[in-house]
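Residues 1 to 284 (the UniProt record's numbering) make up the sequence shown, in order.
Glycine included, every Cβ here is placed at the ideal spot set by N, Cα and C.
Written out below as structure tokens is the structure these notes cover.
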Amino acid sequence: MPNRGFGGLVSIKPFDDNGSVFVLTNDEEQHSLWPADTAPSLLPQELDQRASSVEVTPAVCPFRHLQDQADDIEAEGQPEAKLRYADYLHLDELLGAVQPSFGDGDRSVWADERYFLIIHQASELWVSQILVDLDLALEFARHSDFDRAVGRLKRANALLELIVTTQNALQHLAVNDFHQFRPGLQGMSAGQSHQFTTILAGVGHAPVAALFEIVSDRRNGDGGNRRQRLHLGAQLDVFIAGLTRWRLAHLDVVSRFIGGSRGTGGTAGLGFLIDRLFDASCPS
């Protein structure tokens, strides 16, 4: 018969072969409650009362100390002052930089310009990382660490695809909505971006030109080294092609928004972009 008064999993074994009464605790240890010669005269209620008066220490997991040690190690690895997500991202400053210029009280127009602004800000962030990765790719390649150089170029190419996708997201800004805030953009042009100008130079950008030189240098290295250079060259070709896709995506956006009108930066608009489309020559 089970008994719940012991603070653990306990059962009472009324008799053994000698007629003794025992308590069987969860550690499978037997404890005698009373002599065998008195047990048969006891009623079940009295058995429960006597069993309840026995003090039994609840079982403890024998491996508990291992968890305690793991908790101590984890606590030691935690910094005393935990870094908050918003602080790490400088989120207040980041969101504070999104400041549409339109302010006549029309929230819909304000939201449309905010969308336009964020797309360009995000593109600037992606380009900044691409420029960093191009520098690192060149550094690794100069030390014949072509695996890491290729890895950085692959990441740069992935970011280029994000920029193209971001440009295409402008399809979700209606032309009429764009012209509601366009007058406030007079004098501004993406061509004024130092980062855009730098990366869109293609092979005219020093790290890209230097990487092409390393790829074309057949004087040094064994067969494996030459194969790695071919992989590097393939990623460079993907990079140049990505720049062209970016230019074409931007050309499509400008064509949709302003057609043959002049750009806000004073350029010929669409004609100016077409003339510049193949400024970055693509090596074979």
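Nearest to residue 215 by alpha carbon, out of 111, 106, 229?
Taking the first residue of the sequence shown as 1, we reach residue 215 at position 215. If you compare the alpha carbons of 111, 106, 229 with that of residue 215, the shortest gap goes to 229.
Using C-beta distances below 7 angstroms, list every residue in its chain close to residue 162, excluding the 5 sequence neighbours before and after it, in chain order.
Start at 1 with the first residue of the sequence shown, and residue 162 comes out as number 162. Result list for residue 162: 126, in chain order.
Using 8 angstroms as the threshold, is the C-beta distance between residue 114 and residue 100 below it?
Here residue 114 refers to the residue found at position 114 when the sequence shown is read from its first residue. Here residue 100 refers to the residue found at position 100 when the sequence shown is read from its first residue. Yes, they are a contact pair.
Which of helix, strand or coil does DSSP assign to residue 173?
Taking the first residue of the sequence shown as 1, we reach residue 173 at position 173. DSSP places residue 173 in the coil class of the three-state scheme, outside both helix and strand.
Please classify residue 247: is it buried, with 16 or more other beta-carbons within 10 angstroms of its beta-carbon, or exposed?
Position 247 of the sequence shown holds residue 247. Label assigned to residue 247: buried.
Sequence-distant residues of its chain with Cβ nearer than 8 angstroms to residue 205 (five each side left out):
Translated into positions along the sequence shown, residue 205 becomes position 205. So the qualifying residues of the chain are 134, 198, 199.
Since residue 132 is in the alpha helix (DSSP H), which residue starts that stretch and which ends it?
As a working mapping, residue 132 is identified with position 132 in the sequence shown. Boundaries of the alpha helix (DSSP H) harbouring residue 132: 107-142, taken from the DSSP string.
Can you tell me where the alpha helix (DSSP H) holding residue 91 begins and where it ends?
Position 91 of the sequence shown holds residue 91. Judged by DSSP secondary structure, residue 91 falls within the alpha helix (DSSP H) whose first and last residues are 91-96.
Rounded separation between residue 251 and residue 96 - CA only
Start at 1 with the first residue of the sequence shown, and residue 251 comes out as number 251. Start at 1 with the first residue of the sequence shown, and residue 96 comes out as number 96. Cα-Cα distance, rounded: 30 angstroms.
Tell me the start and end of each unbroken alpha helix (DSSP H) in the stretch 209-259 that is at least 4 residues and wholly inside, in chain order.
Here the runs fully enclosed are 223-258.
Within 8 angstroms, strictly: CB atoms of residue 181 and residue 257
As a first step, residue 181 must be located in the sequence shown, where it is residue number 181. As a first step, residue 257 must be located in the sequence shown, where it is residue number 257. Taking the C-beta atoms as reference points, residue 257 is found no nearer than 8 angstroms to residue 181.
DSSP-derived helix/strand/coil call for residue 3:
Numbered from its first residue, the sequence shown carries residue 3 at position 3. Bear in mind that the predicted position of residue 3 carries a pLDDT of just 49, short of 50, making it unreliable; the figure below should be weighed with that in mind. DSSP, reduced to helix, strand and coil, places residue 3 within a strand of the structure shown.
Could you check the C-alpha separation between residue 109 and residue 179 for me, to the nearest Å?
For the purposes of this step, residue 109 is identified with residue 109 of the sequence shown, where counting begins at 1. For the purposes of this step, residue 179 is identified with residue 179 of the sequence shown, where counting begins at 1. Here the C-alpha atom of residue 109 lies approximately 10 angstroms from the C-alpha atom of residue 179.
Range covered by the alpha helix (DSSP H) that runs through residue 151
Position 151 of the sequence shown, counting from 1, holds the residue named residue 151. Unbroken alpha helix (DSSP H) run through residue 151: 146-168.
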